[in-house]
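Engineer: Each residue of the sequence shown is one higher than the one before, counting from -16 in the numbering used here.
All C-beta atoms, glycine included, are put in the ideal place defined by N, C-alpha and C.
All figures in this text were calculated on a predicted structure; none of them were measured in a lab.
The structure under discussion is supplied below as structure tokens; questions concerning it will follow.
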Amino acid sequence: MKTPPPIERLVAELRRLPGIGEKSATRLAFFLLAAPERAVRALADAILRVKLEIILCERCFDLTDASPCPICKDERRDAALLCVVEEPADRAAVERSGAWRGHYFVLGGALSPIDGIGPEDLRIAELEARVRGGAVREVALATNPNAEGDATAHYLAERLRDCGARLTRIAYGMPMGGDLEYADQVTIGRSLQNRSELS
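Below, the structure is given as structure tokens:
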């Protein structure tokens, strides 16, 4: 028996999510079909609201529902310390470690010539303007410890070398080829505590 078109359409849309294959999408579709209507409406409403209500912070470019975000507005944090990450999920991972009490800057990705991502595709100009504004004492480059993250860190180090701020790179407590988003809090915390000077 052929699957009804509405279920096929739902499976097709669920498969577009990262990490969701045909089997997982089908399982989720049938779960939603069996769920109470109010639960499905609540899920649909949450998905719609996140698209309508989440914006980028005007200072750090993290995801937030108000700009500037709570971290940028928090006067107890050291605004002279700036941790540069690739994506909002990386910022969340670093923050969960509890090891960073400064501010953040989200680049929006990493340099990847193979994928056609160059400096103009990231927020490098905005980062440079912020650092050269004179209020930043240290820039901790917390890009992922893989080829793209290392290339991005080296590029940023060259761009910011004469900015007057101390440039550091997170230590390799992080595994090579790993992503901050999936690392445990202790590993991220040690990586930040053991960051080193970029020469």
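With three or more beta-carbon pairs closer than 8 Å as the criterion, would you say the stretch 22 to 41 touches the stretch 3 to 13?
Structural biologist: At 8 Å Cβ cutoff, the stretches do not touch.
Engineer: In this structure, how does DSSP classify SER50 when only helix, strand and coil are distinguished?
Structural biologist: Here the question's residue 50 lines up with position 67 in the sequence shown. DSSP places SER50 in coil when its eight states are reduced to three.
Engineer: Whole beta strand (DSSP E) runs in the stretch 109 to 141 with 3 or more residues, listed along the chain?
Structural biologist: Listed in chain order, they are 121 to 124.
Engineer: So, LEU163 versus ASP73, is the Cβ gap smaller than 7 Å?
Structural biologist: For this step, residue 163 is matched to residue 180 along the sequence shown. For this step, residue 73 is matched to residue 90 along the sequence shown. Cβ atoms of LEU163 and ASP73: closer than 7 Å.
Engineer: Please state whether DSSP places CYS146 in a helix, a strand or coil.
Structural biologist: Counted from its first residue, the sequence shown places residue 146 at position 163. The answer is coil: DSSP assigns CYS146 none of H, G, I, E or B.
Engineer: My output table needs one value for ALA166: the three-state DSSP class, helix, strand or coil.
Structural biologist: Numbered from its first residue, the sequence shown carries residue 166 at position 183. ALA166 falls in the coil class under three-state DSSP.
Engineer: Would you mind sorting ASP167 into buried or exposed? The rule is 16 or more other CB atoms within 10 Å of its CB.
Structural biologist: Locating residue 167 in the sequence shown gives position 184, counting from the first residue. The residue is exposed, with fewer than 16 neighbouring Cβ atoms inside 10 Å.
Engineer: Thinking C-beta only, is ILE171 closer than 7 Å to SER80?
Structural biologist: On the sequence shown, position 97 is the one that residue 80 refers to. On the sequence shown, position 188 is the one that residue 171 refers to. Yes, the Cβ-Cβ distance between SER80 and ILE171 is below 7 Å.
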